[in-house]
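Sequence order for the protein chains is A and B. The opening residue of the first sequence carries number 625 in our numbering; numbering runs sequentially from there. The opening residue of the second sequence carries number 248 in our numbering; numbering runs sequentially from there. For every residue, glycine included, the Cβ atom is placed at its ideal position computed from N, Cα and C. Have a look at the structure below before the remarks.
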Amino acid sequence: GQNIDQPTEMTATEGAIVQINCTYQTSGFNGLFWYQQHAGEAPTFLSYNVLDGLEEKGRFSSFLSRSKGYSYLLLKELQMKDSASYLCAVSGGYQKVTFGTGTKLQVIP
Amino acid sequence: EAGVAQSPRYKIIEKRQSVAFWCNPISGHATLYWYQQILGQGPKLLIQFQNNGVVDDSQLPKDRFSAERLKGVDSTLKIQPAKLEDSAVYLCASSLDEIGRGAHNEQFFGPGTRLTVL
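This is the structure we're talking about:
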């Protein structure tokens, strides 16, 4: 089966750095996705990690440790528009993608 | 490039009625997904198609839900009869890579259909 855990809510200040953690236990692992979802909108792709280590893409970075079943999404220089839910999702056997419940991030001035 | 299209965007029905949703994926995308997203939760996979074959439908409530993907392109998801707990957003997504090709399967989501069952 698949089990993905991430915090329900987080609050951070504009301009700061925030780290959103995700732990997973899955049968089969191909890679891990992070998606951003603004309220009332569809999820949009942020990153995909296959190998251990940090992948940086602008203000967003994603880290993966396959041996620990752990990932995090790092958001730097937070902006108000970063207020959204961040979904951790694991790609397992047959490319099946299982989503976590999401972390609702609120950025405050 | 056109994105994933879904219709209708909103639907309100009474319990025990039937409803159908339509999805047109991005041209050339082999894999199509239907998700159910209840407010405050992550998307839950209902069914995954590879071209016009079903890859995974283990979480589809088959006594009331059905889905098809004719000719490996458009897809419809039907609920018959609907229950109150079916109130959710139904998301359709598609991805380019076929199973086994190794590249990641980034999913492109449609705008979703918000279903309210009264």
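Which stretch, first to last residue, makes up the beta strand (DSSP E) that contains residue i?
i: Phe687 of chain A; result: Phe684 to Ser689
i: Asp629 of chain A; result: Asn627 to Asp629
i: Asn645 of chain A; result: Val642 to Gln649
i: Glu679 of chain A; result: Gly677 to Lys681
i: Val714 of chain A; result: Ala708 to Ser715
i: Phe657 of chain A; result: Gly655 to Gln661
i: Ser695 of chain A; result: Tyr694 to Leu699
i: Arg256 of chain B; result: No beta strand (DSSP E) contains Arg256 of chain B, which DSSP labels as neither H nor E.
i: Val721 of chain A; result: Val721 to Phe723
i: Gln703 of chain A; result: Per DSSP, Gln703 of chain A belongs to no beta strand (DSSP E) and is neither H nor E.
i: Gln730 of chain A; result: Thr727 to Ile732
i: Arg263 of chain B; result: Per DSSP, Arg263 of chain B belongs to no beta strand (DSSP E) and is neither H nor E.
i: Ala636 of chain A; result: Glu633 to Thr637
i: Leu670 of chain A; result: Thr668 to Asn673
i: Val251 of chain B; result: Here Val251 of chain B belongs to no beta strand (DSSP E), and DSSP marks it neither H nor E.
i: Leu362 of chain B; result: Thr360 to Val364
Using a cut-off of 7 Å between C-beta atoms, extract the partners of residue i located in chain B.
i: Thr647 of chain A; result: What Thr647 of chain A touches in chain B: nothing, since even the nearest Cβ is about 14 Å away.
i: Thr725 of chain A; result: Gln288 and Gly289
Can you name the residues of chain A whose CB is closer than 8 Å to the CB of residue i?
i: Phe356 of chain B; result: Ala666, Pro667 and Thr668
i: Asp304 of chain B; result: Residues of chain A passing the Cβ test: none, with the nearest at roughly 11 Å.
Whole-angstrom Cβ separation of residue i and residue j, contact assumed at under 8 Å?
i: Tyr696 of chain A; j: Asn645 of chain A; result: 5 Å
i: Asn627 of chain A; j: Tyr648 of chain A; result: 7 Å
i: Lys728 of chain A; j: Glu633 of chain A; result: 5 Å
i: Ala713 of chain A; j: Phe723 of chain A; result: 4 Å
i: Pro733 of chain A; j: Glu638 of chain A; result: 5 Å
i: Ala340 of chain B; j: Tyr257 of chain B; result: With a Cβ gap of about 19 Å, Ala340 of chain B and Tyr257 of chain B do not count as contacting.
i: Gln284 of chain B; j: Val336 of chain B; result: 5 Å
What does residue i reach in chain A if we use C-beta pairs closer than 9 Å?
i: Glu353 of chain B; result: Phe657, Phe669 and Tyr672
i: Leu338 of chain B; result: Ala666 and Pro667
Using a cut-off of 7 Å between C-beta atoms, extract the partners of residue i located in chain A.
i: Gly359 of chain B; result: Ala666
i: Gln295 of chain B; result: Lys720
Please compile the residues from chain B whose C-beta is within a distance smaller than 8 Å of the C-beta of residue i.
i: Thr722 of chain A; result: Leu292
Entirely enclosed beta strand (DSSP E) segments - the region 272-355 of chain B, minimum 3 residues:
278-284, 291-297, 300-303, 312-315, 322-326 and 335-342
Tell me which residues of the region 269-293 of chain B have at least one Cβ-Cβ distance to chain A shorter than 9 Å, keeping chain order.
Thr278, Tyr280, Tyr282, Gln284, Gly287, Gln288, Gly289, Pro290, Lys291 and Leu292
Taking a Cβ distance cut-off of 8 Å, strictly less, list which residues of the region 669-689 of chain A are near chain B, in chain order.
Phe669, Tyr672 and Val674
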